[in-house]
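K.L.:
First, the structure itself, so that you have it in front of you.
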Amino acid sequence: MSELSDLSARLLAWYDRHHRSMPWRVAPPDRALGERPDPYRVWMSEVMLQQTTVAAVRDYFRRFTDRWPRVTDLAAAEDADVMAEWAGLGYYARARNLLKCARVVAEAHDGRFPDSEEGLRALPGVGPYTAAAVAAIAFDRPATVVDGNVERVITRLRRIETPLPAAKPEIGRRAAELTPADRPGDYAQAIMDLGATICTPRNPACALCPWSEDCAARAAGDATSFPRKAPKQAKPVRQGTVWIVRRSDGAILLEDRPASGLLGGMLGFPTSGWDGSALPAPLPADWESLGEVQHTFTHFQLQLTVLWAESDAPPDRGRYIPAADFAPGALPTVMRKAWSQAAATLRPVSSAKP
DNA sequence: TACCCGTGGGT
DNA sequence: TACCCAAGGGT
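All residue numbers for the first sequence refer to our numbering, where the first residue is 97 and numbers rise by one.
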């Protein structure tokens with residue numbers, strides 16, 4: 097047995113004992129009996145898991161698959177319903193592409209996902225990682241997944257000194273040579289489980305690792321220093337204003353955000369903009385300041401002043417949502433924070449349903 | 001290539 | 001507290 101196939105065989109043996117259980121996963125024993133994961137559920141989980149923890153995804157996955165059990169169900173959904181269901185999970189372009197992709201699969205592929213890496217890669221929101229993951233996990237194709245876990249495991253195993261992202265091609269080659277022809281789907285999940293539970297960023301459990309004797313970084317005594325990374329930029333602080341308006345009948349003024357860009361396609365309270373743009377208030381009013389909320393986005397920090405007014409004046413932008421239909425849970429987190437600030441300050445506001 | 005794009009939990 | 005970072009993709 098070659099060194100490479102010995103490594104993959106030991107990882108698969110480790111996975112058989114220590115695999116994590118997940119709602120979208122078929123465990124090795126069931127797999128051996130011929131059970132196959134549903135490509136729709138595999139794809140859904142992979143999109144949700146992009147840059148997102150398993151713990152955060154579980155409930156969203158359950159709600160989405162309960163509400164839309166098949167890709168054709170999702171394809172027929174209203175855009176606003178999908179965006180509202182995604183609210184709070186972040187990276188909202190994923191939700192827009194999720195719906196686009198479901199409609200392409202439903203209409204152009206007769207409701208069945210492509211079973212090859214190339215075919216999957218052509219779908220909206222499906223990049224190199226997700227195409228490989230669905231091909232391997234759902235269709236047992238010998239595709240090589242390279243996510244953050246794999247980058248960490250491989251740079252440690254092979255002690256790759258090149259910093260990310262320049263190291264990606266080399267990582268890809270080193271990962272591909274380990275991918276076995278037998279059980280590639282389980283192998284893909286195994287190497288990611290290894291990275292998530294054993295070969296962790298801070299305190300790796302090398303004593304429990306099936307590859308510890310093979311790990312070049314561990315042999316050198318500095319596993320945690322891999323992967324090498326270029327230093328990060330500091331996040332600038334931006335400021336803005338959010339206006340919360342309640343009409344005398346209790347309706348709340350909301351605005352549909354532009355389809356692309358930050359929080360694209362989501363519902364929110366009207367804001368001044370905080371990227372250099374400076375929009376005026378949605379209507380003239382005697383604004384009351386409710387203080388400030390802080391929120392950190394991927395690439396900047398936001399200090400948002402919350403202004404409040406009760407008014408029956410017609411707004412220049414946005415639309416009123418009846419009190420009975422207003423659900424803060426359908427809003428992105430920064431908007432929920434602004435609402436919570438208002439609700440904490442103004443008792444009558446909090447009478448709307450949570 | 002480099003930047004844009006959320007959020008919550010861990011240390 | 002102030003970071004880090006998580007099953008990345010689009011442009």
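The beta-carbon is built from N, C-alpha and C at its ideal position, and this holds for glycine as well.
(1) Counting pairs of beta carbons, one from the stretch 195–211 and one from the stretch 251–260, are three or more of them closer than 8 Å?
(2) Could you tell me the alpha carbon to alpha carbon distance between Gln147 and Gly372, rounded to whole angstroms?
(3) Along the beta strand (DSSP E) that carries Ala405, what are the first and last residues, could you check?
(4) Taking C-beta to C-beta, are Glu388 and Gln399 nearer than 7 Å?
(5) Excluding five sequence neighbours on each side, which residues of the same chain lie with their C-beta closer than 7 Å to the C-beta of Glu266?
(6) What's the C-alpha gap between Val445 and Ala330?
(7) Over the uninterrupted alpha helix (DSSP H) stretch that includes Gln437, give me the two end residues.
(8) Assuming the contact rule is C-beta atoms closer than 8 Å, Pro531 and Phe160 should be a hit. Round their C-beta distance to whole Å, please.
(9) Do Pro366 and Pro378 have their beta-carbon atoms positioned less than 7 Å apart in this structure?
(10) Quick one: grab the DSSP three-state call for Val338.
(11) What are the uninterrupted segments assigned as alpha helix (DSSP H) that are 4 or more residues long and contained completely in the stretch 255–331, given in chain order?
(12) Could you compute how far the alpha carbon of Ile348 sits from the alpha carbon of Leu442?
(13) Shortest alpha-carbon distance to Tyr283 belongs to which of Phe235, His391, Pro323 and Glu181?
(14) Three or more beta-carbon pairs under 8 Å between the stretch 270–283 and the stretch 98–118, yes or no?
(15) So Leu363 packs on Ala426, CB below 8 Å; how close in whole Å?
(16) How far does the beta strand (DSSP E) with His391 in it extend, from its first residue to its last?
(17) Name the one or two DSSP bridge partners that Val333 has.
(18) Assign Ala448 to one of two classes, buried (16 or more other C-beta atoms within 10 Å of its C-beta) or exposed (fewer than that).
(19) Within the continuous alpha helix (DSSP H) that includes Arg113, where are the two ends?
(20) Under 7 Å, do Ala434 and Trp404 count as touching if we go by C-beta distance?
(21) What do you reckon, are the CB atoms on Val222 and Val201 nearer than 7 Å?
(22) Using the three-state DSSP reduction, which class does Tyr156 fall into: helix, strand or coil?
(23) Starting from the Cα of Pro220, find the closest Cα among Ala189, His114, Gln397 and Ser212 and give me that residue.
(24) Identify whether Asp345 lies in helix, strand or coil by the three-state DSSP scheme.
(25) With the cut-off set at 7 Å, would you say Leu170 and Ala191 are in Cβ contact?
(26) By DSSP, does Asp352 sit in helix, in strand, or in coil?
(27) So, does the stretch 416–432 touch the stretch 180–188, judging by three or more C-beta pairs under 8 Å?
(28) Please go through the same chain and pick out, in chain order, the residues whose beta-carbon is closer than 8 Å to the beta-carbon of Gly360, but skip the five residues on each side of it.
(29) What did DSSP end up calling Leu195 once you bin it into helix, strand or coil?
(30) I think Trp307 touches Gln335, with their Cβ atoms under 8 Å apart; what is that distance to the nearest whole Å?
(31) So, do the stretch 131–138 and the stretch 225–239 have three or more beta carbon pairs nearer to each other than 8 Å?
P.N.:
In this structure, then:
(1) no
(2) In the first sequence, residue 147 corresponds to position 51, counting from 1. In the first sequence, residue 372 corresponds to position 276, counting from 1. Roughly 27 Å separates the two Cα atoms.
(3) As a working note, residue 405 is residue 309 in the first sequence. Run containing Ala405: Gln397 to Glu406, per the beta strand (DSSP E) assignment.
(4) In the first sequence, residue 388 corresponds to position 292, counting from 1. In the first sequence, residue 399 corresponds to position 303, counting from 1. In this structure, Gln399 lies closer than 7 Å to Glu388 by Cβ.
(5) For the purposes of this step, residue 266 is taken as residue 170 along the first sequence, with counting starting at 1. Closer than 7 Å at Cβ, skipping near neighbours: Ile256 and Thr258.
(6) Along the first sequence, read from residue 1 onward, the residue named residue 445 stands at position 349. Along the first sequence, read from residue 1 onward, the residue named residue 330 stands at position 234. Note that Val445 scores 46 on pLDDT, short of 50, meaning its location in the model is unreliable; the coordinates nonetheless yield the value given after this. Between Val445 and Ala330, the C-alpha separation is close to 37 Å.
(7) Numbered from its first residue, the first sequence carries residue 437 at position 341. Gln437 -> alpha helix (DSSP H) spans Thr429 to Thr441.
(8) Absent from the model: residue 531. The displayed extent of the chain is 97 to 450, so no value can be given.
(9) On the first sequence, residue 378 is found 282 positions in, with the first residue counted as 1. On the first sequence, residue 366 is found 270 positions in, with the first residue counted as 1. It is a contact, given that the beta carbons lie within the stated cut-off.
(10) By 1-based counting over the first sequence, the position of residue 338 is 242. The answer is strand: DSSP assigns Val338 an E or B state.
(11) 264–272, 280–293 and 312–315
(12) In the first sequence, residue 348 corresponds to position 252, counting from 1. In the first sequence, residue 442 corresponds to position 346, counting from 1. Their Cα atoms are separated by approximately 14 Å.
(13) Indexing the first sequence from 1 puts residue 283 at position 187. The candidate whose alpha carbon is nearest that of Tyr283 is Phe235.
(14) yes
(15) By 1-based counting over the first sequence, the position of residue 363 is 267. By 1-based counting over the first sequence, the position of residue 426 is 330. Sure, about 6 Å apart at Cβ, within 8 Å.
(16) Taking the first residue of the first sequence as position 1, residue 391 is located at position 295. First-last of the beta strand (DSSP E) with His391: Glu384 to Thr392.
(17) By 1-based counting over the first sequence, the position of residue 333 is 237. Beta-bridge pairing links Val333 to Gln397.
(18) Sequence index remark: in the first sequence, residue 448 carries index 352 (1-based). With a pLDDT of 45 at Ala448, under the threshold of 50, the predicted position of this residue should be treated as unreliable, and no value is reported.
(19) On the first sequence, position 17 is the one that residue 113 refers to. From DSSP, the alpha helix (DSSP H) with Arg113 extends over Glu99 to His114.
(20) What you label residue 434 is simply residue 338 of the first sequence in a count that begins at 1. What you label residue 404 is simply residue 308 of the first sequence in a count that begins at 1. It is not a contact, given that the beta carbons lie outside the stated cut-off.
(21) Within the first sequence, numbered from 1, the residue matching residue 222 stands at position 126. Within the first sequence, numbered from 1, the residue matching residue 201 stands at position 105. For Val222 and Val201, no; Cβs fall outside 7 Å.
(22) The sequence position of residue 156 within the first sequence is 60, counting from 1. Helix.
(23) The residue labelled residue 220 in the question sits at position 124 within the first sequence. It is Ala189.
(24) Taking the first sequence and counting its residues from 1, one reaches residue 345 at position 249. Three-state DSSP puts Asp345 in coil, outside helix and strand.
(25) By one-based count along the first sequence, residue 170 stands at place 74. By one-based count along the first sequence, residue 191 stands at place 95. Cβ distance not < 7 Å, so Leu170 and Ala191 don't count as in contact.
(26) Indexing the first sequence from 1 puts residue 352 at position 256. Strand at Asp352.
(27) yes
(28) Taking the first sequence and counting its residues from 1, the one referred to as residue 360 is at position 264. Here the set comprises Tyr188, Ala189, Arg192, Arg353 and Pro354.
(29) For the purposes of this step, residue 195 is taken as residue 99 along the first sequence, with counting starting at 1. Three-state DSSP puts Leu195 in a helix.
(30) Looking up residue 307 in the first sequence gives position 211. Looking up residue 335 in the first sequence gives position 239. With a Cβ gap of about 49 Å, Trp307 and Gln335 do not count as contacting.
(31) yes
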